[in-house]
């Protein structure tokens, strides 16, 4: 069947489509009904079923005779170590940890906060929770004490599982003092903590509260898988809210299993046994969906990589891992490829590695600019598929369904909607607009299986954030259009569409033009306030390594490029060269924070900011343009 056939079969009978996909999962009690309408635009999937995530991700592969296959490959470029864990080893380790948690009182429905670096034990902790029906909440390792405390108070965990430290190039990140600081600040106190001691740092354990990971498991009875209802939360994942208060996205168990399993073949085109690598972190949704759960549910080998795209040791790290571990499908963020491109624009490191086993590269996390896609295609000789989804959805909204058919790549578009997503482009009044017209991207309800049914303990906030603006739709917060061929174009976050003298313009479109400049490695465009035109675009560009030309000259060329390609209507006159852009640790550029700096507005940098010191650098760059306003 073609993509169009499969999409049409979903649209004509969504219930039958998703019941058919559910047959690939092992159920304790299979679903008799797919969708449950709870009223007032709230929906659940497979709520009448009983199932266990850990069984589907681990035990069933052992029972099927594939226990010797590698489940996890840990490649730590920062400690120069590598190891493999087979499915049978993984089952035994997870069952032991789950048994120890159960012996200390952790049961179905209890919350467990996990605060760990990119080590296999982080996945084992997640799976041990799933084995018991406990609800985990992974917090990015190294998060500041205050932000960790906020999440502890919201989730109210019975237990916290942490590591003694994380390792960054050239430094040790001390997790245990951060955890202790968070526990002193938090109103909620967990019953106990489990600490995985890494050899790079052995942390002090507080008697009566903290347990050593290994001693904690000694002599306990391994735990069996606990069946849970289909609508039981598998995990809570906190995403930054516009208010600065994190939002706890809830992931329901059964829909999560069905949807993620479907994507591994249909989107990423891998078969059970193939090696799949998502170069992300367990603290992000990509780490949940495509480092831990989806590859293991589907019976793939997943890579847990501890390192950076550059600097551990060089810009050839990605290619080494792909060759060495025979990666078939590779998933990373555009910002990671831009870092590699900036360090190695000619792709000279690729000459050292054989990528013949690699089938395709997938990009997500932020909008992939055409220049980066074209560079990656050119230097690797592989198809590069941009695809678009969110923490809230947990899997692809729009992508190239390479496992069904590899459709034409239109550079700049993440391709077409996946089954389950009825995408509409709406104007401000909530009316659909014609093909090719820029508007707000929304999904007609219900959302498909695996997507968020609500926010943890905050249904009113869920409605306000996603449902109220466009009744009957889920508001994605992204702006874009759908062309005559049904391809989706994501142009910017809704609040990154700027209004220049009455013209609605996409900052993403301007970024595309800037990125095409031969000396520009990375860029961002924001809208700043202007008394005459309402808003003006302001551009920031980072240069490719080795470029040694006057920055003013490059900025003038960038201004001319935008005016030539988009036109004087863009009123693009403000452009400056900077060493780096403010980003989250997952690589998202903090455009909203940059705009607040330029406009002199009060703001709270998100907890996920990679380096808070860059705020002052951006403030100085804005001043250099003669634009800076005094902070509120």
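Numbering (UniProt numbering), first residue to last: 1 to 632.
Just so you know, even glycine gets a beta-carbon here, dropped at the ideal spot from N, CA and C.
Cβ-based neighbour list, residue i, same chain, cut-off 7 Å, excluding 5 preceding and 5 following
i, result
"residue 260", "289, 293, 294, 297, 395, 450"
"residue 374", "411"
"residue 26", "55, 56, 60"
"residue 47", "36, 229, 230, 231"
"residue 126", "114, 136, 138, 292"
"residue 620", "none"
Nearest candidate by alpha-carbon position, reference residue i, set the options
i, options, result
"residue 55", "133, 431, 47", "133"
"residue 487", "339, 332, 322, 387", "387"
"residue 273", "146, 380, 326, 5", "326"
"residue 15", "397, 448, 275, 390", "448"
"residue 417", "398, 406, 430, 404", "398"
"residue 479", "108, 121, 508, 516", "508"
"residue 555", "33, 625, 568", "625"
"residue 370", "409, 390, 400", "409"
"residue 30", "125, 84, 227, 102", "227"
"residue 481", "547, 412, 537", "412"
"residue 53", "505, 224, 401", "224"
"residue 549", "577, 195, 39, 232", "577"
"residue 380", "355, 422, 300, 372", "355"
"residue 359", "280, 271, 337", "271"
"residue 420", "443, 489, 584", "443"
"residue 167", "116, 152, 125, 149", "116"
"residue 511", "372, 153, 123, 597", "372"
"residue 452", "203, 239, 493, 207", "239"
"residue 627", "583, 125, 538, 590", "538"
"residue 266", "74, 401, 181, 551", "401"
"residue 277", "257, 269, 328", "328"
"residue 588", "610, 579, 572", "610"
C-alpha distance - residue i paired with residue j, whole-angstrom precision
i, j, result
"residue 44", "residue 575", "48 Å"
"residue 515", "residue 523", "6 Å"
"residue 164", "residue 534", "50 Å"
"residue 345", "residue 352", "15 Å"
"residue 332", "residue 559", "30 Å"
"residue 594", "residue 532", "21 Å"
"residue 434", "residue 467", "23 Å"
"residue 131", "residue 357", "34 Å"
"residue 85", "residue 121", "11 Å"
"residue 222", "residue 93", "9 Å"
"residue 110", "residue 491", "40 Å"
"residue 632", "residue 616", "Low confidence applies here, because residue 632 scores a pLDDT of 48, under 50, leaving its location unreliable; read the following figure in that light. Approximately 15 Å, taken between the alpha carbons."
"residue 264", "residue 24", "12 Å"
"residue 147", "residue 248", "13 Å"
"residue 313", "residue 347", "15 Å"
"residue 542", "residue 518", "11 Å"
"residue 9", "residue 17", "7 Å"
"residue 203", "residue 169", "20 Å"
"residue 377", "residue 316", "16 Å"
"residue 431", "residue 5", "27 Å"
"residue 368", "residue 62", "38 Å"
"residue 462", "residue 269", "33 Å"
Residue i vs residue j beta-carbon contact at 8 Å
i, j, result
"residue 96", "residue 217", "yes"
"residue 135", "residue 236", "yes"
"residue 633", "residue 361", "Any property of residue 633 remains undetermined from this structure, which presents the chain solely from 1 to 632."
"residue 527", "residue 498", "yes"
"residue 483", "residue 529", "no"
"residue 392", "residue 440", "no"
"residue 586", "residue 365", "yes"
"residue 562", "residue 513", "yes"
"residue 137", "residue 155", "yes"
"residue 112", "residue 106", "yes"
"residue 684", "residue 310", "Here the chain comprises residues numbered 1 to 632, so residue 684 is not present and cannot be evaluated."
"residue 503", "residue 304", "no"
Proximity test, residue i beta-carbon vs the ligand MG heavy atom, cut-off 7 Å
i, result
"residue 319", "Questions concerning the ligand MG fall outside what the structure shown contains, since it holds no ligand whatsoever."
6 Å CB neighbourhood of residue i in its chain, flanking five on each side removed
i, result
"residue 306", "76, 78, 118"
"residue 363", "334, 386"
"residue 545", "342, 343"
"residue 232", "253"
"residue 19", "34"
Residues near residue i by beta carbon distance below 8 Å, same chain, minus five either side
i, result
"residue 13", "none"
"residue 2", "404, 405"
Checklist entry - Can we say the segment 585 to 605 touches the segment 561 to 573, given the rule of at least three CB pairs closer than 8 Å? => result Because the criterion of three Cβ pairs below 8 Å is not met, the segment 585 to 605 and the segment 561 to 573 do not touch.
Checklist entry - Does the segment 546 to 562 come close enough to the segment 245 to 259 that 3 or more CB-CB pairs lie under 8 Å? => result Output reads no: the segment 546 to 562 does not touch the segment 245 to 259.
Item to check | the segment 100 to 113 contacting the segment 55 to 75, beta-carbon criterion three pairs below 8 Å | outcome: In short, these stretches do not touch, since the Cβ pair count stays below three.
Item to check | Touching by the beta-carbon criterion (3+ pairs, under 8 Å), the segment 187 to 205 and the segment 146 to 160 | outcome: Touching, per the Cβ criterion.
Next on the checklist: Is it the case that the segment 137 to 153 contacts the segment 277 to 288, given that we only count it when at least three CB pairs across the two stretches are under 8 Å?
Outcome noted: Touching, yes, given that three or more Cβ pairs across the two stretches are closer than 8 Å.
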